[in-house]
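Participant:
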Amino acid sequence: MWMSAIQRAGIVMHMKAGEEAATFELLSLFQTEPVGDDVVDLAATFYRQWRSSHGIDVNDAILAATVVLTGGRIITLNTKHYPMPGIAVERGWEEDTGARSAP
127 MWMSAIQRAG IVMHMKAGEE AATFELLSLF QTEPVGDDVV DLAATFYRQW RSSHGIDVND
187 AILAATVVLT GGRIITLNTK HYPMPGIAVE RGWEEDTGAR SAP
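Residue numbers (the numbering used here): 127 to 229.
(1) Can you give me the C-alpha to C-alpha distance between glycine 198 and isoleucine 188, rounded to a whole angstrom?
(2) Determine the closest residue to isoleucine 200 out of Lys206, Val215, His140 and Arg134, with distance taken between C-alpha atoms.
(3) So alanine 169 packs on alanine 191, CB below 8 Å; how close in whole Å?
(4) Return the first residue and the last residue of the alpha helix (DSSP H) that methionine 210 is part of.
(5) Of all the options Gln133, Phe150 and Tyr173, which has the alpha carbon lying nearest to the alpha carbon of glutamate 159?
(6) Might you give, ordered along the chain, the residues of its own chain that have their beta carbon closer than 6 Å to the beta carbon of alanine 186, omitting 5 neighbours on each side?
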């Protein structure tokens with residue numbers, strides 16, 4: 127399994143005191159996909175095209191570009207933020223049961 131460097135940054139930057147060991151243990155299960163020029167260039171296109179209509183931010187655009195270029199998928203509660211063609215998006219929460227869906 128992998129995650130974008132932008133996802134890892136968000137997780138690490140928002141962890142609270144005392145969460146470090148568990149957070150880094152969880153993160154060790156993932157390969158971190160770097161954000162290179164190809165990702166940035168495609169993300170910029172996505173950002174300009176869907177910022178106003180879908181409320182995407184820079185992080186959404188970078189994640190979407192990473193997924194398109196690697197053939198991965200996104201599991202999220204914010205499916206509206208990923209209208210890009212060629213992207214696999216799944217809702218990460220079962221509304222009727224409140225249980226998380228399996229990856």
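The beta-carbon is built from N, C-alpha and C at its ideal position, and this holds for glycine as well.
This structure is a prediction, so every number in the text was calculated from the model and none was measured.
Facilitator: Based on what the coordinates show:
(1) 13 Å
(2) Val215
(3) 4 Å
(4) Taken as a continuous stretch (DSSP letters only), methionine 210 belongs to no alpha helix (DSSP H), as it is neither H nor E.
(5) Gln133
(6) The sequence given here places aspartate at residue 186; alanine does not occur at that position. His207.
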